[in-house]
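Protein chains: 2
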Amino acid sequence: MTIQHREAALPDGAAVAPDQTIDHAASDTSGRAPLSCTRIIEAAVRYVDDNCLDELSMRRLGSELGVEAMSLYRYFPSKAALLEAVAGRLLRDLQLPDDANADAWEEQIRAFAVSFRAITREHPRLVPLLSAMSPEDAVPAGIHERMVGVWRRAGLSETDSRSAQRALQSYLSGSSQWHQESCMGRAAEHDFRYGLDVFLDGVRTRVAEAGGAT
Amino acid sequence: MTIQHREAALPDGAAVAPDQTIDHAASDTSGRAPLSCTRIIEAAVRYVDDNCLDELSMRRLGSELGVEAMSLYRYFPSKAALLEAVAGRLLRDLQLPDDANADAWEEQIRAFAVSFRAITREHPRLVPLLSAMSPEDAVPAGIHERMVGVWRRAGLSETDSRSAQRALQSYLSGSSQWHQESCMGRAAEHDFRYGLDVFLDGVRTRVAEAGGAT
DNA sequence: ACCTGAACACCGTTCAAGT
DNA sequence: ACCTGAACACCGTTCAAGT
């Protein structure tokens, strides 16, 4: 039951222009450019980065954009939908595997993991948003499938591939929580690598067993 | 900056009796027993189990207990403090290692992991609460130290032990999110074991290398 | 077409007051 | 000692209205 941006489906069936900011300098906060989904999403990310998730309200976000809260409802049907779009926006920066490279599975997994980590380190205050969403909603199904493909090509069975990807995602999501306030850096980067290495060691063993069969 | 139950520290310095329900049948919801921290915490757990975290408000929790919202502030200084106490209550059921058993490290780790998982499976709607807290606050430092002790006795170095425990905690916390609504059971139990096994395999290798040195 | 104002049904929390 | 009432400064969201 993924909530979506409102696209058409307005009371009178009128379409909504999702994105009309052509000007690249659109990120000037002065704020006379017309509203758009992306402008709203970017303002939300900025607001949470500068303050915190709990402090984000439709009213405050509106005034950040020089607009009444109610105007935002032309672009998103609810606050929940807006937040989901914000999460989607963040995960756009995930580094996805390249289907061509057959055997570089470990680099591809690592690149994905590190890119996820980079996102949460850049936006620690948005971490609670990602973890409030169920993992299935957080990482779109398409991405999940592509990653399962990497595990398959590495040599794992279909079920093991799905389990491995879910385990990786669990680990990434859990690790990101250490970025929240109050448990500052604390050798977090080293710990992250350690866990990832241990996990990949374990998988490598299984791949060797399944593939070479000694 | 862990928030605590109010213990004394009332405006006039009066102490608060945290727990006077002697009667074991105290969980009858009829609700004329006097308020107490534990009674409030239990009602909160029940309420979230039956509804969801977002719907828990001081006003509603109060009326669940047959009392005005404001009465709760005699026992907890804020809603945040109450929620933290709820989390603490849940984690009371963690199965902690027994310092005696020197070499059963793997069973002890597994027991801890499985008990964490049992808690989140019993209370899926409280998972967002646990993941909203930083991992350091969620699992009290004492528990963390005892688990680090297990890794040490397994044969890991001090730094590796801390990293391993943090990785395990990350994995457990991340895995629990699959219990949230909308991504129903979905072979979750199998996936959980798989990730845990892979992780422990990886650690076992390191223990062997460090200990036996081939 | 896009934005606003006023209103509704809620919040967490404070404080003075009841018994 | 323990609980309440009224109030404050907020919420998300609806809907009719402005331009």
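These protein sequences, in sequence, are chains E and U. All the letters of the first sequence, read from the start, carry residue numbers 1 to 214 under our numbering. All the letters of the second sequence, read from the start, carry residue numbers 1001 to 1214 under our numbering. C-beta: ideal position from N, C-alpha, C; glycine also.
Please tell me whether F1199 (chain U) and G202 (chain E) are closer than 8 Å, where the distance is taken between their beta carbons. yes
Considering just the uninterrupted stretch of the alpha helix (DSSP H) at L1053 (chain U), what are its terminal residues? Taken as a continuous stretch (DSSP letters only), L1053 (chain U) belongs to no alpha helix (DSSP H), as it is neither H nor E.
Kindly indicate which residue of E:E189, E:Q165 and E:C37 has the alpha-carbon position closest to the one of I109 (chain E). E:Q165
Per-residue burial, S176 (chain E) [other beta carbons within 10 Å of its own, 16 or more giving buried]: buried
Under 7 Å, CB to CB, which of the residues in the stretch 1088–1110 of chain U have a partner in chain E? none
So with Cβ pairs under 8 Å, would you call E1209 (chain U) a contact of chain E? no
Can you find at least 3 beta carbon pairs, one from the stretch 42–50 of chain E and one from the stretch 123–130 of chain E, that sit closer than 8 Å? yes
Span of the alpha helix (DSSP H), counted from its first residue to its last, around F1112 (chain U): W1105 to E1122
Length-filtered (3 minimum) beta strand (DSSP E) runs lying within the stretch 67–93 of chain E: none
Strictly under 8 Å for the Cβ-Cβ distance: is T29 (chain E) near chain U by that measure? Residue placement at T29 (chain E) is poorly supported in this model, since its pLDDT is 41, which falls under 50; the coordinates still yield a value, given next. Chain U contact via Cβ: absent.
Helix, strand or coil: which one does DSSP assign to G1174 (chain U)? helix
A154 (chain E) versus V207 (chain E) - alpha carbon distance: 7 Å
Note down the Cα distance separating H144 (chain E) from F116 (chain E), rounded to an integer number of angstroms. 13 Å
Of the listed residues U:L1094, U:D1137 and U:L1072, nearest to A1118 (chain U) (C-alpha basis): U:L1094
In whole angstroms, give me the CA-to-CA distance for V1148 (chain U) and L61 (chain E). 43 Å
From the DSSP output, in three-state form, read off E181 (chain E) for me. coil
Measuring only the C-alpha atoms, how far is E64 (chain E) from A43 (chain E)? 7 Å
Let me know the secondary structure DSSP gives R1162 (chain U) once reduced to three states. helix
By a C-beta neighbour count over all protein chains shown, 10 Å radius and 16 as the cutoff for buried, is D160 (chain E) buried or exposed? buried
Taking M58 (chain E) and L72 (chain E) to be in contact with their CB atoms under 8 Å, please state how far apart those CB atoms are, rounded to whole angstroms. 6 Å
If you measure between the beta carbons of S1134 (chain U) and Q180 (chain E), is that distance less than 8 Å? yes
Rounded to the nearest angstrom, what separates A1138 (chain U) and I41 (chain E) at their Cα positions? 30 Å
In chain U, which residues lie less than 9 Å from S78 (chain E) when you measure between Cβ atoms? Neighbours of S78 (chain E) on chain U: none; closest Cβ ~13 Å, over 9 Å.
Does the CB of E1084 (chain U) have a neighbour CB from chain E at under 8 Å? no
Put L1156 (chain U) into one of helix, strand or coil per three-state DSSP. coil
Is the separation between the beta-carbon of A113 (chain E) and that of L156 (chain E) shorter than 8 Å? no
Take the Cβ of T1029 (chain U) as the centre, count every other Cβ of all protein chains shown within 10 Å, and call the residue buried at 16 or more, exposed below. Residue placement at T1029 (chain U) cannot be trusted, given a pLDDT of 41 that sits under 50; the coordinates are not used to answer.
Would S57 (chain E) pass as an interface residue toward chain U - the criterion being a Cβ-Cβ separation below 8 Å? no
Report buried or exposed for D1098 (chain U), applying the criterion of at least 16 other Cβ atoms within 10 angstroms of its Cβ. exposed
Using a Cβ-Cβ cut-off of less than 7 Å, give me the residues of the stretch 190–203 of chain E that come near chain U, in sequence order. H190, D191, Y194, G195, V198, F199, D201, G202 and V203
For V139 (chain E), report the span of its alpha helix (DSSP H) as first-last. Note, V139 (chain E): premise wrong, no alpha helix (DSSP H); not H, not E.
Could one say the Cβ of S115 (chain E) lies closer than 8 Å to chain U's Cβ atoms, at least one of them? no
What residues from chain U crowd round D50 (chain E), counting only those whose CB sits closer than 9 Å? Chain U residues near D50 (chain E): none, gap ~20 Å exceeds 9 Å.
Against chain U, with Cβ distances strictly below 8 Å, would T205 (chain E) count as a contact? yes
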